[in-house]
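**Q** With the sequence shown counted from 1, adding 519 to any position gets you the working numbering.
We put the CB at the ideal spot given by N, CA and C, even for glycine.
One structure coming up, written as structure tokens, with questions to follow.
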Amino acid sequence: MNWEQLLSLRRQGDKNKRLRNEQDETRLGFDVDYDRIIFSSAFRSLQDKTQVIPLSKTDFVHTRLTHSLEVSVVGRSLGRLAGKKIIEKHPYLKEVHGYQFNDFGGIVAAAALAHDIGNPPFGHSGEKAIGEYFKTGNGLQLKNQLSAVEYQDIIDFEGNANGFKLMTQDRAGVFGGLRLSYATLGAFMKYPKESLPKKPSNHICDKKFGFFQSEKHIFDEVAQDLGLPIRSNDGTISYGRHPLTFLVEAADDICYTIIDFEDGINLGLISEDYALEYLIKLVKDTINTKKYNSLEYMEDRLSYLRALAINTLIQDAVSIFIENEELILNGNFEVSLLDKSGFKAQIEDIISLSVQKIYQSQEVVEKEIAGYTIISDILDVYIAALIGKMNNNASNYHKLILRTLPGFYQQTNISLYEIVLNTCCYVASLSDSAAVHIHNKIKGKQL
Numbered sequence: 520m521n522w523e524q525l526l527s528l529r530r531q532g533d534k535n536k537r538l539r540n541e542q543d544e545t546r547l548g549f550d551v552d553y554d555r556i557i558f559s560s561a562f563r564s565l566q567d568k569t570q571v572i573p574l575s576k577t578d579f580v581h582t583r584l585t586h587s588l589e590v591s592v593v594g595r596s597l598g599r600l601a602g603k604k605i606i607e608k609h610p611y612l613k614e615v616h617g618y619q620f621n622d623f624g625g626i627v628a629a630a631a632l633a634h635d636i637g638n639p640p641f642g643h644s645g646e647k648a649i650g651e652y653f654k655t656g657n658g659l660q661l662k663n664q665l666s667a668v669e670y671q672d673i674i675d676f677e678g679n680a681n682g683f684k685l686m687t688q689d690r691a692g693v694f695g696g697l698r699l700s701y702a703t704l705g706a707f708m709k710y711p712k713e714s715l716p717k718k719p720s721n722h723i724c725d726k727k728f729g730f731f732q733s734e735k736h737i738f739d740e741v742a743q744d745l746g747l748p749i750r751s752n753d754g755t756i757s758y759g760r761h762p763l764t765f766l767v768e769a770a771d772d773i774c775y776t777i778i779d780f781e782d783g784i785n786l787g788l789i790s791e792d793y794a795l796e797y798l799i800k801l802v803k804d805t806i807n808t809k810k811y812n813s814l815e816y817m818e819d820r821l822s823y824l825r826a827l828a829i830n831t832l833i834q835d836a837v838s839i840f841i842e843n844e845e846l847i848l849n850g851n852f853e854v855s856l857l858d859k860s861g862f863k864a865q866i867e868d869i870i871s872l873s874v875q876k877i878y879q880s881q882e883v884v885e886k887e888i889a890g891y892t893i894i895s896d897i898l899d900v901y902i903a904a905l906i907g908k909m910n911n912n913a914s915n916y917h918k919l920i921l922r923t924l925p926g927f928y929q930q931t932n933i934s935l936y937e938i939v940l941n942t943c944c945y946v947a948s949l950s951d952s953a954a955v956h957i958h959n960k961i962k963g964k965q966l
């Protein structure tokens, strides 16, 4: 891989190459990407989607929206710091093509902003709930009507693939979705492969999958334009990662490690004593003890430790990225940046405690259970109605149900796979509260 190609400003539908030297410096193409994402309806719905605590009654807890904004801020810092080093190492990028270190920050910030845009309601259990409906629920009856890879797409429903779909799919009168630059789409693509074969290796690229069969063509086009290395030799689509994806992933890893932990402490799920014990290990070289001891309130002490911890991990991740640039460009770097961190043990301790005290807390578990039922029931009703319409035998109830669906999702002159996938994506687009509201309506619990 080479940086000039990886920093492609091309968008879907472009006939000619977009040159960095010809960009308007007051609003670069990568800035346009950021703006298009933040003004999209899919991004707005993140304000009421679970990050840690589903349907929390406190306004302090992070939602997917605040989490995404914070990941974007951290990603911008990672991108700028790494970009500065890369421009110094490869001066032709600036001298010949006009790239600046801020371009790297802009790409990573935009991709990081969108990193959760395809996630369903109720956190990661929402993805599992959609998959389980088709694996063990009423959706299992559709298995023999789908190809193996189509069925795998839905039983392992993946927020990353749904995010790629949201940002690139055509709609009536709207070509190419948000029409983001290929550099931003490439940085977004954490798992640049299709759903089968499942986890063919331990390489970070193979952990999950990054696109549904419905977006196979555009995914392939983006990867080829960026010059991502081909990793499969069996006819399936599998590429190496865009290097900046490692920075997007690091931004997410840093934020959920530190900030979810902070949420748990502020909610009383984790004792403040743990903050001292665990976070001090990360910041012992940078902490100003006098300043820390002068902070009277717990929230201020946590904020101070959180800021130091995030900065420590940012500097560490950039160092690892630059040290391994050649391996990354060759597609041979097989783990996340934080897996190589000198603070890996401390990170694992924090995550382990967060799993025990936050993610597996009674409140979270109870709401995730409810989420399974809600998502399953909504899928059941809408899929039955759409298949009834497709087969020209929809009941009056089904016809009423279909009138509650947005027009795009009412299409039935498409394949069964597309109907089912679109329904899954509709459910994934719902906020936590909207899913509860729709469930109450279809179950007759609320008028």
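Could you name the residues of the same chain whose beta carbon sits closer than 8 Å to that of TYR945, not counting the 5 residues immediately before and after it, in chain order?
**A** Around TYR945: TYR901, LEU924, PRO925 and TYR928.
**Q** Which class does SER757 belong to by DSSP, given the choice of helix, strand or coil?
**A** DSSP places SER757 in strand when its eight states are reduced to three.
**Q** Do ALA794 and LEU814 come within 8 Å of each other at the CB atom, strictly closer than that value?
**A** Not a contact, by the Cβ cut-off of 8 Å.
**Q** Looking at C-alpha atoms only, which residue of GLU842, ILE877, PHE620 and ASP779 is the closest neighbour of THR585?
**A** That would be ASP779, whose Cα lies nearest to the Cα of THR585.
**Q** Just mark ASP819 as buried or exposed, buried being the case when its beta carbon has 16 or more other beta carbons within 10 Å.
**A** Exposed, because fewer than 16 other Cβ atoms sit within 10 Å of the Cβ of ASP819.
**Q** Apply the 10 Å Cβ neighbour rule to HIS761 and answer buried if 16 or more other Cβ atoms are within range, or exposed otherwise.
**A** Classification of HIS761: buried, given that the 10 Å Cβ count is 16 or more.
**Q** Give every residue of the same chain whose Cβ lies closer than 8 Å to the Cβ of TYR701, excluding the five residues on either side of it in the sequence, and list them in chain order.
**A** The answer, listed in chain order, is SER527, LEU528, ARG529, ARG530, VAL741, ASP744 and LEU745.
**Q** Would you give the residue range spanned by the alpha helix (DSSP H) that PHE562 belongs to?
**A** Run containing PHE562: 560 to 563, per the alpha helix (DSSP H) assignment.
**Q** Would you call the region 623 to 643 in contact with the region 594 to 607, where contact means no fewer than 3 C-beta pairs closer than 8 Å?
**A** Short answer: they touch.
**Q** To which residues of the same chain is LEU846 closer than 8 Å at the C-beta, ignoring the five residues directly before and after it?
**A** For LEU846, where only same-chain residues beyond five positions count, the Cβ hits under 8 Å are PHE852.
**Q** Could you work out which residue in LYS568, ILE784 and LEU798 is closest to LEU824 when comparing CA atoms only?
**A** The option with the nearest alpha carbon to LEU824 is LEU798.
**Q** With DSSP run on the structure shown, which of helix, strand or coil describes VAL627?
**A** Looking at VAL627 - three-state DSSP - the assignment turns out to be helix.
**Q** By the 10 Å Cβ neighbour count, where 16 or more other Cβ atoms means buried, how is ALA904 classified, buried or exposed?
**A** By the neighbour-count rule (16 or more Cβ atoms within 10 Å), ALA904 is buried.
**Q** Return the chain-ordered list of same chain residues with a C-beta closer than 7 Å to the C-beta of PHE731, the five sequence neighbours on each side being excluded.
**A** Taken in chain order, the residues that qualify are ASP672, ALA680, LYS684 and LEU940.
**Q** What residue does the alpha helix (DSSP H) around ILE819 start on, and which one ends it?
**A** The sequence as given places Asp at residue 819; Ile does not occur at that position. Per DSSP, ASP819 belongs to the alpha helix (DSSP H) from 817 to 842.
**Q** Just to confirm, are ILE640 and THR569 a CB contact at a threshold of 8 Å?
**A** Strictly speaking, residue 640 in this sequence is Pro, with Ile absent from that position. Yes. Within cutoff.
**Q** Look up VAL615 in the DSSP assignment and say whether it is helix, strand or coil.
**A** VAL615: coil per DSSP, three-state reduction.
**Q** Measure how close the beta-carbons of ILE870 and THR776 come, nearest whole angstrom, since I'm counting them as under 8 Å.
**A** ILE870 to THR776, Cβ: 6 Å. Contact.
**Q** In chain order, what are the residue ranges of uninterrupted alpha helix (DSSP H) at least 4 long that sit wholly in the region 623 to 677?
**A** Those alpha helix (DSSP H) runs which fall completely within the region 623 to 677 and span 4+ residues are 643 to 654 and 667 to 674.
**Q** Return helix, strand or coil for LYS726, following the three-state DSSP convention.
**A** Here LYS726 sits in coil by DSSP.
**Q** Quick check on the DSSP output: what are the complete beta strand (DSSP E) runs of length 3 or more inside the region 877 to 913, in order along the chain?
**A** DSSP runs (the beta strand (DSSP E)) wholly in the region 877 to 913: none.
**Q** The alpha helix (DSSP H) with ALA601 in it runs from where to where?
**A** Per DSSP, ALA601 belongs to the alpha helix (DSSP H) from 583 to 608.
**Q** Quick check: the Cα distance between LEU919 and LYS908, rounded to an integer number of angstroms?
**A** Looking at the two C-alpha atoms, the distance is approximately 11 Å.
**Q** Can you grab the Cα-Cα spacing for the pair ASN812 / SER564, in whole Å?
**A** Answer to the nearest angstrom: the Cα atoms are 40 Å apart.
**Q** Within 10 Å of its beta-carbon, does PHE558 have 16 or more other beta-carbons around it, so buried, or fewer, so exposed?
**A** Classification for PHE558: exposed.
**Q** Whole angstroms is fine: what's the gap from ALA954's alpha carbon to TYR916's?
**A** The straight-line gap from Cα to Cα measures roughly 19 Å.
**Q** Below 7 Å CB to CB, which residues in the same chain sit around SER934 once its five sequence neighbours on both sides are set aside?
**A** Counting only Cβ-Cβ distances below 7 Å, and skipping sequence neighbours, we find nothing.
**Q** Looking only at its own chain, which residues have a Cβ that is under 8 Å from the Cβ of PRO834, when we skip the five neighbours before and after it?
**A** Residue 834 is actually Gln in this sequence, not Pro. Same-chain partners within the cutoff: LEU600.
**Q** Give the DSSP-derived three-state secondary structure of ARG690 in the structure shown.
**A** Of the three classes helix, strand and coil, the one that applies to ARG690 here is strand, per DSSP.
**Q** To the nearest angstrom, how far is the alpha carbon of ASN911 from that of PHE620?
**A** Whole-angstrom Cα-Cα distance: 57 Å.
**Q** In its own chain, which residues sit with a C-beta less than 6 Å from the C-beta of ASN617, not counting the 5 before and 5 after it?
**A** Looking at the sequence provided, one finds Gly at residue 617 rather than Asn. So the qualifying residues of the chain are ARG539 and ASN540.
**Q** Label THR703 either buried or exposed according to how many other C-beta atoms from any shown protein chain fall within 10 Å of its C-beta, with 16 as the threshold for buried.
**A** By the neighbour-count rule (16 or more Cβ atoms within 10 Å), THR703 is buried.
**Q** When the distance is taken between beta carbons, is VAL627 closer than 8 Å to LEU766?
**A** Yes, these two residues count as a Cβ contact at 8 Å.
**Q** For the candidate residues ASP899, SER790 and GLU796, whose alpha-carbon lies nearest to that of CYS943?
**A** Nearest C-alpha to CYS943: ASP899.
**Q** Considering just the uninterrupted stretch of the alpha helix (DSSP H) at GLU796, what are its terminal residues?
**A** From DSSP, the alpha helix (DSSP H) with GLU796 extends over 791 to 802.
**Q** Find the nearest neighbour of TYR878 within the set ASN959, TYR652 and ASP782, judged by alpha-carbon distance.
**A** Closest option to TYR878, Cα to Cα, is ASP782.
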